[in-house]
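Here the protein sequences come in this chain order: X and B.
Note that the working numbering has the first sequence beginning at 1, numbered continuously upward.
Note that the working numbering has the second sequence beginning at 1001, numbered continuously upward.
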Amino acid sequence: MVAGLSNEEFASNLRAIPFPFGDVSPGTSVEIYHGAHGKFETHSPVRTFTPFDFGGGDVQVVAAYTCTPLVTFPLSSLKPKAHVMGKTIAELGNRNRPLDMVVYSKDGSDYLLMANSSRGVMRVETIEFNSLPTINEKVSGTKGAAYDTVANWDGVEQLDLLDGGHALILQKSESGARALRSLALP
Amino acid sequence: MSGIDKSALRGALAVCAFVLIPLGLRANGETVVDFVSGQADDSIRMELRDGSVECRSVSEFNGAERLSVFTQMPDESEAVPVIGELIKERKAIRFEPMFPLQAGLKYFVEYENARSVKSYYSFSIEEIDRRPMARVREVFPSAEVLPENLLKFYIHFTHPMSVDDSYRHIRLLNEGGQSLPLPFLELGEELWDSEGKGLTLLFDPGRIKSGLRPRLEEGGVLEEGRSYILEISQEWLDAEGQPMVSDYRKRFTVGPLDTASPRVDDWVIRIPKSGTKNALLVEFSESLDEALLQRVVTIIDGQGDAVTGSIRVGQEERVWVFEPNEAWRRGSYRVKAHSILEDLAGNSIGRPFEVEMSEGERHPQPKRFVYLDFTIR
C-alpha cells in the first residue's frame, strides 16, 4: 500500500499495488474521506499508516493524517474506485505531526507505537480501537484513544520493528545528527 | 598518404592535441579528460559533455564495452563508484550520472573495450567562483487579496535550490513584523518539482479545517482584514551552495473565507475566429490554482481529440489562455476541465474543500470532467 501527498493535489490517494510490482491499473486509486468532528467530510493527506489485525476478523488500516486525526478503516474496503469513510478514533494534538508508526504485541497486549514531530513517541493500547465510538462532536484536549508517551525516545523520525522485542529507530539529536538505534519495545 | 597507417596517424594527432592543450581547462571552459594509464586506445575519445562522460569511437562499438566512473582510481580501497546510467549508441557510450558531478572532486573513468582491455582516464571539474544567482521568480497565487482559508503557495525559483531545510528560510509575518509560529505544514519530504526549482508550501490543514483541534485552539493562520508578508530569506542556499541574490517578500491582505466550489456556469469563453491562431480565453469569476490550470484544462475538438497548443495563465490566475499550434477550423469544440481543478482554498469544481453533511448522508461523487461547449465560426 502506498499513501502519497502530491505537490498539486491535496487529497490523499491510497493505492494498493500488488507485489511483485507490475502495472498499476488506474482504477485502484482510492480516495479516503474522514468524517471528522461536526459532521465535516474533507479530503486530506495520510501521513503514515500501518495495517493491523485487531482481532475482529477484518484487518484494519490505521492512518494518521497531517491535520491530526487518527483514523481506521477496513483493509477490505480498499477496492478499486471505492470511497471509504474512515473512523476517527483520536486526534493527536495541536502543533504535532505524525511521522511513522508500527504495531506490536507484548505481554499479551497489542500496541500502536507512533513517532510524532513534537510529542515524542506515543504508545496506544489497540484494544481500545474497536470499542471506541467515532469522534464526531467538538472536542478540546486530546480525546479518543488514551496514550502514554514513551520516555527517552525523543527525536524519533522513523521506526520499524527489528524483531519481536526490539524497534529500530532513526533518532535525530538536538545537534541535528541522526543515529540508528535498536531499543527494546516499551 | 599512401603507405602510412591511418589509425596510427589519428593516434599521433590525438597525442598532439593533448600536448597542445593545457591540462585542466580548454580555452572555452570545457573540462578535459586526461588519459591516465592502461592501454591507450586511439580509436576512442573520452569527453565530458553536458555533465555526462562520453566515449566516442571512430568505429562502431560491439556492445560488450564497459564504462565506469569512480572518485578514486578503481584499484584503491577508497574508490567509490559513481551511480548513473550507461547509454550505448552505435558510436558512443555515455555515462549519465544520477546526481550532478561535483566541482572540486577528481573523477576516474575506467573504460573496458570488447576484448576486456582496460584504460583509465581522469578529470576534475573546476570550482567556479560563483556569485549569488538564484531569486524567487514568482509566487502563486499572485493576487494581493487572498482568502482566509488559503490552502497553499507555490514558490518558483530561477535556479535549483538546496532542499531538506526549506521551512527554516520561510516566514509568515503579521502587520507588526512578527513571525507567526508554524503556519505551514512542515513535511520531511518537501514538496519540490522535479527540477528542484518549485516548492509547494501547504498551510497547516489542521488550522484550516472546521472542528479540528489546531483550529479550535489557535484559530486559523490568516485573519480576514489583516495584512501579511510571506518572506523568503536570502540565506537560503541554491543547489550549488550559493545564497540567493536578495530576500523576497510578498505582501498580501486577507479576504473572507471561501467555502464554495468555483461556479463553472460563470466562466466566460472568448472565442477566436476560424482560420486564425488567435488565443482562446476562459475567464473565471475567481482566481484558480495555477498549477492545476496548467495541467488539467484542455481543449478537445468535435471528435474528442485534444487540440495541441500552449497554455498561459494570467490576471491573477483568473484567465486561462490557450494558443493553438494550428489555425482554428470551423466546428464545435469543448473546454474540458478535470473536476479536481481548485480555487485558492482547495474547493474544486467537483466539490467544496469541506462538506457539511446531515446524519448518514454522503456527498455525491462528482463527475470526473466538466465540459463547456463552444463553436468556432
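All residues carry an ideal CB built from backbone N, CA and C; glycine is no exception.
| Check | Outcome |
| --- | --- |
| Per-residue contacts from residue 49 of chain X into chain B (C-beta, under 8 angstroms) | Going along chain B, no residue has its Cβ under 8 angstroms from residue 49 of chain X, so there is no contact; the nearest lies around 15 angstroms. |
| C-beta neighbour in chain B for residue 66 of chain X, strict 9 angstroms | yes |
| Exposure of residue 1367 of chain B, with buried meaning 16 or more beta-carbon neighbours within 10 Å | exposed |
| 7 angstroms Cβ shell around residue 6 of chain X - same chain, five flanking residues per side excluded | none |
| Burial state of residue 1120 of chain B, where buried means 16 or more other Cβ atoms lie within 10 Å | buried |
| Check whether residue 1170 of chain B and residue 1269 of chain B have beta carbons under 9 angstroms apart | no |
| Complete runs of the alpha helix (DSSP H) confined to the region 86-133 of chain X [at least 4 residues] | 127-131 |
| Start-to-end residues for the beta strand (DSSP E) that takes in residue 1324 of chain B | 1319-1324 |
| Inside the region 1238-1295 of chain B only - beta strand (DSSP E) runs reaching at least 3 residues | 1248-1255, 1268-1270 and 1280-1283 |
| Start-to-end residues for the alpha helix (DSSP H) that takes in residue 51 of chain X | Taken as a continuous stretch (DSSP letters only), residue 51 of chain X belongs to no alpha helix (DSSP H), being part of the beta strand (DSSP E) at 46-53. |
| Rounded C-alpha distance that separates residue 1243 of chain B from residue 1038 of chain B | 43 angstroms |
| Residues that residue 1399 of chain B contacts on chain X, provided the C-beta gap is smaller than 7 angstroms | Past the edges of chain B, shown from 1001 to 1377, lies residue 1399 of chain B, and the structure says nothing about it. |
| Distance between residue 1210 of chain B and residue 180 of chain X (C-alpha atoms, nearest Å) | 39 angstroms |
| Short CB-CB distance (under 9 angstroms) between residue 200 of chain X and chain B | Beyond the ends of chain X as shown, which are 1 and 186, falls residue 200 of chain X; an answer cannot be given. |
| is_contact[residue 1289 of chain B, chain X] using C-beta, thresh 9 angstroms | yes |
| Beta-carbon neighbours of residue 73 of chain X, restricted to chain B and to distances below 8 angstroms | What residue 73 of chain X touches in chain B: nothing, since even the nearest Cβ is about 14 angstroms away. |
| Best match in X:124, X:170 and X:91 for proximity to residue 106 of chain X [C-alpha to C-alpha] | X:124 |
| Residue 1191 of chain B at chain X interface by Cβ criterion, 9 angstroms | yes |
| Closest residue to residue 1087 of chain B among B:1080, B:1317, B:1098 and B:1203 (Cα-Cα distance) | B:1098 |
| Beta carbon of residue 944 of chain B nearer than 9 angstroms to that of residue 1322 of chain B | No information on residue 944 of chain B is available, as it lies outside the stretch 1001 to 1377 that chain B covers here. |
| Continuous beta strand (DSSP E) stretch holding residue 1048 of chain B: start and end | 1044-1049 |
| Option in X:99, X:72, X:164 and X:115 with minimal Cα separation from residue 87 of chain X | X:72 |
| Minimum C-alpha distance to residue 10 of chain X - residue among B:1281, B:1289 and B:1377 | B:1289 |
| Short CB-CB distance (under 9 angstroms) between residue 97 of chain X and chain B | yes |
| Below-9 angstroms beta-carbon distance, residue 91 of chain X vs any chain B residue | yes |
| Of the listed residues B:1152, B:1314 and B:1308, nearest to residue 1184 of chain B (C-alpha basis) | B:1152 |
| Other residues of its chain near residue 1274 of chain B: CB distance less than 7 angstroms, five sequence neighbours each side excluded | 1328, 1329, 1330, 1376 and 1377 |
| is_contact[residue 174 of chain X, chain B] using C-beta, thresh 9 angstroms | no |
| The region 1214-1233 of chain B: positions lying closer than 7 angstroms to chain X by Cβ | 1214, 1216, 1217 and 1218 |
| 3 or more residues per run - each beta strand (DSSP E) lying fully within the region 1089-1113 of chain B | 1092-1097 and 1106-1112 |
| 9 angstroms Cβ cutoff met for residue 1054 of chain B and residue 1065 of chain B | no |
| C-beta atoms of residue 1262 of chain B and residue 1172 of chain B nearer than 9 angstroms | no |
| Reference residue 65 of chain X; option with closest CA among X:101, X:164 and X:52 | X:101 |
| Inter-stretch contact (C-beta, 8 angstroms, three-pair minimum) for the region 1142-1156 of chain B and the region 1247-1257 of chain B | yes |
| Closer than 9 angstroms to chain B by CB, residue 117 of chain X | yes |
| CB contact below 9 angstroms: residue 157 of chain X versus chain B | yes |
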